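The listed protein sequences derive, respectively, from chains A and B.
Oh and the first sequence: position 47 is 47 in the working numbering, straight run, nothing missing.
To convert, take the position in the second sequence, counting from 1, and add 380; that gives the working numbering.
Glycine included, C-beta positions come from ideal geometry on N, C-alpha and C.
As the structure is a computational prediction, the values presented were derived from the model and not from experiment.
There are 2 protein chains.
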Amino acid sequence: MAEIEPFHVMDLLARARALEATGRDIVHMEIGEPDFITPAPIREAAKQALDAGKTHYTPAMGLPALREAISDFYQTEYGISIAPERIIVTPGASGALLLALGVLVNPGEQVLMTDPGYPCNRHFVRLLEAEAVGVPVGPESDYQLTRALLEQHWTADTTAVLLASPSNPTGTVVSMDNLVSMHSVAAAHGGRLIVDEIYHGLIYDGTVDSALGVSDELFVINSFSKYFCMTGWRLGWLVAPVDYVREADKLAQNIFLAAPTISQHAALAAFAPESREILSRYRDDFRQRRDFLLSALRELGFDIPVTPAGAFYLYADCTRFTNDSYAFALDVLAKAGVAITPGRDFGAYQSECHLRFAYTTSLARLEEGVARLATYLRST
Amino acid sequence: MAEIEPFHVMDLLARARALEATGRDIVHMEIGEPDFITPAPIREAAKQALDAGKTHYTPAMGLPALREAISDFYQTEYGISIAPERIIVTPGASGALLLALGVLVNPGEQVLMTDPGYPCNRHFVRLLEAEAVGVPVGPESDYQLTRALLEQHWTADTTAVLLASPSNPTGTVVSMDNLVSMHSVAAAHGGRLIVDEIYHGLIYDGTVDSALGVSDELFVINSFSKYFCMTGWRLGWLVAPVDYVREADKLAQNIFLAAPTISQHAALAAFAPESREILSRYRDDFRQRRDFLLSALRELGFDIPVTPAGAFYLYADCTRFTNDSYAFALDVLAKAGVAITPGRDFGAYQSECHLRFAYTTSLARLEEGVARLATYLRST
């Protein structure tokens, strides 16, 4: 436990709440979940399931109808054929990651991942007594791993590589070419890729294919939380290579029994045209926010060298203002009333000169936040 | 993974489903969840939360109002004062157990538990690279651990003891005197008790106090699944000693973020008089079923030496009929159309001459099952 760090942003959030309790207005740019509530058709489906008394456990791998709906989604959205048998519905992407790591990784083995990256990932690996190896990445590789980085960091103990596309905190995607290359490196070493696609619906420039198009031999994690705006429902899924499904099922039976039933029934409505239309409008809003915030922060002097294609984060180099981004974030909160996440929540590599801005609040609030930041920066 | 066994009952269940698909009628006495659907007032509360758009994450430790409601429940139900700060709402009891073990146990350490016992418990311990030590227990100690057994099995590596009261598969409870004794043994060795009280509302003879009355220094796991008939909602809670709360919060943030939001809002209605009244009727039904099945099985020749005070299971010695309870269960399913759980799902100690009968189906169906068993036993 001692090696599992808390999120530093939680301390910051506690301070923000304390300020709000005194009447201060805080612009929240630290929150990692969509501000939109779940589309009404999905909530209606949940209510129908409640009326129908659907309150018992589902099978450990999920409602068969939902696994089929996800399979159909891969067909219609990406043009790829994924058998429902390979799809395991989980309590959030957390559950999916735990299953993937649980069936792949033994104690003492190594999992490569980006630094910066989503902090829970390395903590999960640690929980299983394996070793998370953070590989420093920067704008030169769009903050993603590459074939060369894998070759450089692979050891006899490496068994898996965890990628995120789009990534948290950088919002960048892994190109298909890069995925193909990395998959072949991993395969050559007898290792596997686990690709986190939980921000996958939230792509603002062009389209992005699923890593599942590269090979049937990699793991993909996804979630209803982000694009589908279903955070509180705790529902995600894992697509596993066929040989691992039985093990994953066994582990699921033991560690969480099944994902929440009502959430699963609700999610059946997430793919319906009326839901997709609402989600599409939400995505347009996110795109508009990204475009505004990206250019506004660059104008203020933050360095964002790679335009993030997706998710709802901007990962900004704040070297021009500070070499202690945690202290900077606390000062911005106290003086300007703007909450942002310090880089240290995402790793060690150059984290003290980085900040993550989330655009999970309205354009008007983002404008207010930027105005406050401008005033703050002028006065310091 | 190789050391984590699947539930054997799952194979049996698959066979049962296959038989049902051919038109056979199967009496299910293997299912570990209440057949009752969640009381309407709880479902209504969920619908109101959906209408109000409560679809975002809650804090990692749960809705403050729910933590307070659980605290109030301890006051009114057990007359004990448990600060809401010590109560952590989790995704099912599984989440609570993972938190308790995660903050208490290091790799290589030992956790004592009963054999027979709930199989997931030892798998959780194994997942954390610790060692689950099954202590054989029989009717002489009501299938529970005792002070003497703890003294006998405690080693330098032992750090925790996992108790369940009422227990799955035996339905027996740990007496308050025994709890006090075991707590003092554990404390003297610098260890801790974790007490699983997930079947706690389902007590048919007298009343049973919570282990929390013994000391503030032990861990208690509970759940909305069983007594509150909310299995599919995936909602439980952990009461931790005050010194462990911060660690448990940190771990919760990392491994599951938060319990399902709608479930938490629904659970706020679980303590209301109108829900409790329905649950009380359900409990009366369970009592009636237990009384019927206990005497019927004894009459058939199954040995159930300890009358189980709670849960919805009977753990029966079937030595008179077989010394291979797994083969017996498969044969009973095939020939009599009755599904029961073989002892091997609960451990190694005398498991081949034990079966678990669950009374999670109606009295009429239990009567049908018993009639079929009688015919089966006469013909073999």
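Can you tell me whether DSSP reads Glu-465 (chain B) as helix, strand or coil?
Residue numbering aside, residue 465 (chain B) sits at position 85 when the second sequence is read from its first letter. DSSP places Glu-465 (chain B) in helix when its eight states are reduced to three.
Pull the bridge partners of Ala-316 (chain A) from the DSSP assignment, please.
Here residue 316 (chain A) corresponds to residue number 316 of the first sequence, with the count starting at 1. Per DSSP, A:Leu-355.
If we define contact as Cβ-Cβ less than 7 angstroms, is Pro-50 (chain A) a contact residue for chain B?
Here residue 50 (chain A) refers to the residue found at position 50 when the first sequence is read from its first residue. Note that residue 50 (chain A) corresponds to Leu in the displayed sequence, not to Pro. True, the Cβ-Cβ gap to chain B drops below 7 angstroms.
Along chain A, in chain order, which residues have C-beta atoms closer than 7 angstroms to that of His-436 (chain B)?
Taking the first residue of the second sequence as 1, we reach residue 436 (chain B) at position 56. Near His-436 (chain B) (Cβ distances below 7 angstroms), the residues of chain A are Glu-33, Thr-231 and Gly-232.
From this set, A:Trp-233, A:Leu-163 and A:Asp-291, which residue's C-alpha is nearest Leu-112 (chain A)'s C-alpha?
For the purposes of this step, residue 112 (chain A) is identified with residue 112 of the first sequence, where counting begins at 1. When only C-alpha atoms are compared, the closest one is A:Leu-163.
Going by alpha carbons, who is nearest to Phe-737 (chain B) out of B:Gly-433, B:Asp-704 and B:Asp-697?
Against the second sequence, residue 737 (chain B) aligns to sequence position 357. Answer by Cα proximity: B:Asp-697.
Between the C-alpha atoms of Ala-334 (chain A) and Asp-324 (chain A), what's the straight-line distance to the nearest angstrom?
Translated into the one-based positions of the first sequence, residue 334 (chain A) becomes position 334. Translated into the one-based positions of the first sequence, residue 324 (chain A) becomes position 324. Each residue's alpha carbon lies about 16 angstroms from the other.
Around the C-beta of Asp-576 (chain B), are 16 or more other C-beta atoms found within 10 angstroms, so that it is buried, or is it exposed?
Reading the second sequence from its first residue, position 196 is the one you call residue 576 (chain B). With 16 or more other Cβ atoms within 10 Å, it is buried.
Tell me where the beta strand (DSSP E) around Phe-73 (chain A) begins and ends.
Working through the first sequence from its first residue, we reach residue 73 (chain A) at position 73. That residue, Phe-73 (chain A), is in no beta strand (DSSP E); its alpha helix (DSSP H) goes 64-78.
Does any CB atom of chain A fall closer than 7 angstroms to the CB of Gly-551 (chain B)?
Stepping through the second sequence from its first residue, residue 551 (chain B) is reached at position 171. No, Gly-551 (chain B) lies away from the interface with chain A (no Cβ there is under 7 angstroms from its Cβ).
Taking the straight line between their C-alpha atoms, what separation do you get for Asp-115 (chain A) and Leu-193 (chain A)?
Stepping through the first sequence from its first residue, residue 115 (chain A) is reached at position 115. Stepping through the first sequence from its first residue, residue 193 (chain A) is reached at position 193. Spanning the two alpha carbons is a distance of roughly 17 angstroms.
Tell me whether the region 578-585 of chain B and the region 431-439 of chain B touch, counting them as touching only if at least three CB pairs, one residue from each stretch, are closer than 8 angstroms.
They do not touch, by the three-pair rule.
For Trp-233 (chain A) versus Ile-70 (chain A), is the C-beta distance shorter than 7 angstroms?
Counting from 1 along the first sequence, the entry for residue 233 (chain A) is found at position 233. Counting from 1 along the first sequence, the entry for residue 70 (chain A) is found at position 70. Result no, Cβ atoms of Trp-233 (chain A) and Ile-70 (chain A) do not sit closer than 7 angstroms.
In the DSSP output, what is Phe-726 (chain B) paired with across the bridge?
Your numbering for residue 726 (chain B) matches position 346 in the second sequence. Paired residue(s): none; Phe-726 (chain B) is not in a bridge.
At what residues does the alpha helix (DSSP H) containing Arg-192 (chain A) begin and finish?
Translated into the one-based positions of the first sequence, residue 192 (chain A) becomes position 192. Careful: Arg-192 (chain A) lies outside any alpha helix (DSSP H), inside the beta strand (DSSP E) at 192-196.
For the putative contact between Tyr-693 (chain B) and Asn-548 (chain B), defined by C-beta atoms under 8 angstroms, what is the C-beta separation to the nearest angstrom?
What you label residue 693 (chain B) is simply residue 313 of the second sequence in a count that begins at 1. What you label residue 548 (chain B) is simply residue 168 of the second sequence in a count that begins at 1. Sure, about 6 angstroms apart at Cβ, within 8 angstroms.
Counting only C-beta atoms, is Ile-417 (chain B) closer than 7 angstroms to chain A at any point?
Sequence index remark: in the second sequence, residue 417 (chain B) carries index 37 (1-based). For Ile-417 (chain B), the answer is yes, since a Cβ of chain A falls inside 7 angstroms of its Cβ.
From which residue to which residue does the beta strand (DSSP E) around Thr-755 (chain B) run?
Here residue 755 (chain B) corresponds to residue number 375 of the second sequence, with the count starting at 1. Not the beta strand (DSSP E): Thr-755 (chain B) falls in the alpha helix (DSSP H), residues 743-759.
Suppose the cutoff is 8 angstroms on Cβ atoms and the five residues either side in sequence are ignored; what does the same chain contact list for Phe-708 (chain B) look like?
On the second sequence, position 328 is the one that residue 708 (chain B) refers to. Within the same chain, Phe-708 (chain B) has close Cβ partners Cys-698, Phe-701, Thr-702, Pro-722 and Leu-735.
Figure out for me which residue from B:Ser-555, B:Asp-415 and B:Tyr-729 has the closest Cα to the Cα of Arg-669 (chain B).
For this step, residue 669 (chain B) is matched to residue 289 along the second sequence. Ranking the options by Cα distance to Arg-669 (chain B), first place goes to B:Asp-415.
Compare the C-alpha of Ile-340 (chain A) against each of A:Tyr-315, A:Leu-363, A:Glu-109 and A:Leu-268 and name the closest.
The count along the first sequence starts at 1 and reaches residue 340 (chain A) at position 340. The residue with the shortest Cα to Cα distance from Ile-340 (chain A) is A:Tyr-315.
Please give me, in chain order, every unbroken run of the beta strand (DSSP E) with length at least 3 that falls completely inside the region 155-223 of chain A.
Here the runs fully enclosed are 158-164, 192-196 and 219-223.
Just the C-alpha distance for Phe-256 (chain A) and Ser-474 (chain B), rounded to the nearest angstrom, thanks.
Sequence index remark: in the first sequence, residue 256 (chain A) carries index 256 (1-based). Sequence index remark: in the second sequence, residue 474 (chain B) carries index 94 (1-based). Their Cα atoms are separated by approximately 6 angstroms.
Against Ser-94 (chain A), what residues of chain E qualify as contacts under a CB-to-CB distance less than 7 angstroms, listed in chain order?
The question asks about chain E, but that chain is absent: this structure's protein chains are A and B.
Identify, in the order they occur along the chain, each residue of the same chain with its Cβ nearer than 7 angstroms to the Cβ of Gln-633 (chain B), setting aside the five sequence neighbours on each side.
Taking the first residue of the second sequence as 1, we reach residue 633 (chain B) at position 253. Only Ala-440 meet the Cβ criterion.
Could you list which residues in chain A have their beta carbon closer than 9 angstroms to that of Thr-641 (chain B), in chain order?
Numbered from its first residue, the second sequence carries residue 641 (chain B) at position 261. Those within 9 angstroms of Thr-641 (chain B) in chain A are Thr-231, Gly-232, Trp-233 and Arg-234.
Around the Cβ of Thr-381 (chain A), are there at least 16 other Cβ atoms within 10 angstroms (buried) or fewer (exposed)?
As shown, chain A starts at 1 and ends at 380. That puts residue 381 (chain A) outside it, with no answer to give.
So, is Ala-52 (chain A) buried or exposed, given that buried needs 16 or more other C-beta atoms within 10 angstroms?
Start at 1 with the first residue of the first sequence, and residue 52 (chain A) comes out as number 52. Exposed.
With distances taken Cα to Cα, identify the nearest neighbour of Ala-647 (chain B) among B:Glu-657, B:Arg-423, B:Asn-501 and B:Asp-629.
Taking the first residue of the second sequence as position 1, residue 647 (chain B) is located at position 267. Checked all of B:Glu-657, B:Arg-423, B:Asn-501 and B:Asp-629; the closest Cα to Ala-647 (chain B) is B:Arg-423.
Pair every Cβ in the region 217-235 of chain A with every Cβ in the region 75-92 of chain A, then say whether three or more of these pairs are closer than 8 angstroms.
In short, these stretches touch, since the Cβ pair count reaches three.
Which of the residues in the region 448-460 of chain B, read from start to end, lie with their CB under 9 angstroms from any CB of chain A?
Answer in chain order: no residues at all.
On the DSSP bridge list, what partners appear for Val-111 (chain A)?
Locating residue 111 (chain A) in the first sequence gives position 111, where the first residue counts as 1. Beta-bridge pairing links Val-111 (chain A) to A:Ala-132 and A:Ala-160.
For a test of the three-state rule: what should DSSP assign to Gly-616 (chain B), helix, strand or coil?
Position 236 of the second sequence holds residue 616 (chain B). Here Gly-616 (chain B) sits in strand by DSSP.
Hey, would you say Val-588 (chain B) sits closer than 7 angstroms to Val-619 (chain B), going by beta carbons?
Within the second sequence, numbered from 1, the residue matching residue 588 (chain B) stands at position 208. Within the second sequence, numbered from 1, the residue matching residue 619 (chain B) stands at position 239. Cβ distance not < 7 angstroms, so Val-588 (chain B) and Val-619 (chain B) don't count as in contact.
Mind listing which residues of the region 121-152 of chain A have their C-beta closer than 8 angstroms to chain B's C-betas, in chain order?
Residues His-123, Phe-124, Leu-127, Leu-128 and Glu-129.
In chain order, what residues of the same chain lie with their CB nearer than 8 angstroms to the CB of Leu-101 (chain A), ignoring the 5 residues before and after it?
In the first sequence, counting from the first residue as 1, residue 101 (chain A) sits at position 101. Val-111, Phe-124, Val-125, Leu-128, Ala-130, Ala-160 and Ile-194, listed in sequence order.
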